[in-house]
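Each remark here refers to the structure printed beneath this line.
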Amino acid sequence: DIVLTQSPATLSVTPGDSVSLSCRASQSISNNLHWYQQKSHESPRLLIKYASQSISGIPSRFSGSGSGTDFTLSINSVETEDFGMYFCQQSNSWPWTFGGGTKLEIK
Amino acid sequence: DVKLVESGGGLVKPGGSLKLSCAASGFTFSSYTMSWVRQTPEKRLEWVATISSGGSYTYYPDSVKGRFTISRDNAKNTLYLQMSSLKSEDTAVYYCTRDPTGTGYFDVWGAGTTVTVSS
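Here the protein sequences line up with chains A and B, keeping their order.
The opening position of the first sequence corresponds to residue 1 in our numbering, with each subsequent residue numbered one higher.
The opening position of the second sequence corresponds to residue 108 in our numbering, with each subsequent residue numbered one higher.
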């Protein structure tokens, strides 16, 4: 199975900061990597598909990059509504797997 | 409005069975691959099962293969997950999800239904 390792586990930031969240795959997954946001007591929400493709309705401050084994989710100027958990997920090979998540919290 | 509403969760003893349902609305259900994803009490997300739009093809991770069965009724716009031989490690919130292209990502999620396996 492909293991996705997210770092850091927790990121403490001030609103207005720009941040980068990392997701590393145990083997090459091309660009078959997707990002989700989960706020407290809510279901996950798709943010980015195929490493860098935007999703309708998602603010433009969210962007993704990477291919192969190293991927990054960037948030340009974090807003208070952005705090919560972020998960990456691969669909390169069965079984689909998720990373352990990064918690974005207010400093 | 695109919506997925899960039901059927509850408390079950180890070795027991449970059937989850997911009612879909706001889109052409029969055109989409559907999946179940669960979230453990430790907040880890795990893919559980996928079924093709017509129901002919199903996929499972080894952790549930042989114990869980995903199915669908396109006439009723409903997705199901039959779970048997349940273990404590199956305790989780189970989400019904839509895979818009059948290629393994999830663009719509339900609110989830909680399954607790405990004696």
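Glycine included, C-beta positions come from ideal geometry on N, C-alpha and C.
Using a C-beta cut-off of 8 Å, the stretch 60-78 of chain A makes contact with the stretch 26-40 of chain A, since at least three inter-stretch Cβ pairs fall below that distance.
Look at the beta carbons and you see the stretch 84-103 of chain A touching the stretch 142-159 of chain B: at least three pairs across the two are nearer than 8 Å.
When rounded, the separation of the alpha-carbon atoms in R45(A) and S56(A) is 12 Å. Check the Cα spacing between Y164(B) and each of V171(B), R179(B), V119(B), S170(B): the tightest is with R179(B). Within the same chain, Cβ atoms closer than 7 Å to the Cβ of F134(B) are found at V109, the five residues on either side in sequence being excluded.
Taking the Cα positions, T5(A) is about 6 Å away from C23(A). The beta carbon of H41(A) does not come within 7 Å of any beta carbon belonging to chain B, so the residue lies off that interface.
DSSP places I75(A) in the uninterrupted beta strand (DSSP E) bounded by 70-75.
Inclusion of T221(B) and G116(B) in the CB contact set at 7 Å is warranted, their separation being smaller than that value. In this structure T80(A) is in contact with P15(A), their Cβ atoms being roughly 5 Å apart against a cut-off of 8 Å.
Q53(A) and R61(A) have their C-alpha atoms spaced approximately 13 Å apart. In the DSSP assignment, F62(A) falls within the beta strand (DSSP E) that extends over 62-67. For the stretch 16-50 of chain A, there is no continuous alpha helix (DSSP H) assignment of 4+ residues that stays within its boundaries.
At least one CB of chain A lies nearer than 7 Å to the CB of D214(B).
For G217(B), the number of other beta carbons within 10 angstroms of its own is at least 16, and it is reported as buried. Spatial neighbours of S138(B) in its own chain (CB-CB distance under 6 Å, excluding positions within 5 residues in sequence) are listed in chain order as S160.
Between V119(B) and V224(B), the C-beta gap is smaller than 7 Å, which places the two residues in contact. Beyond the five residues adjoining it in sequence on each side, S65(A) comes within less than 6 Å, by CB distance, of S52, T72 in the same chain, given in chain order. Linking R174(B) to G122(B) through their CA atoms gives a straight-line distance of about 10 Å.
Using a Cβ-Cβ cut-off of 7 Å, L111(B) does not count as an interface residue toward chain A, since no Cβ of chain A sits closer than that to its own.
When the Cα atoms are used, K107(A) and S40(A) turn out to be separated by approximately 17 Å. Of all alpha-carbon atoms in I177(B), N184(B), A130(B), the one lying nearest the alpha-carbon of S191(B) is that of I177(B).
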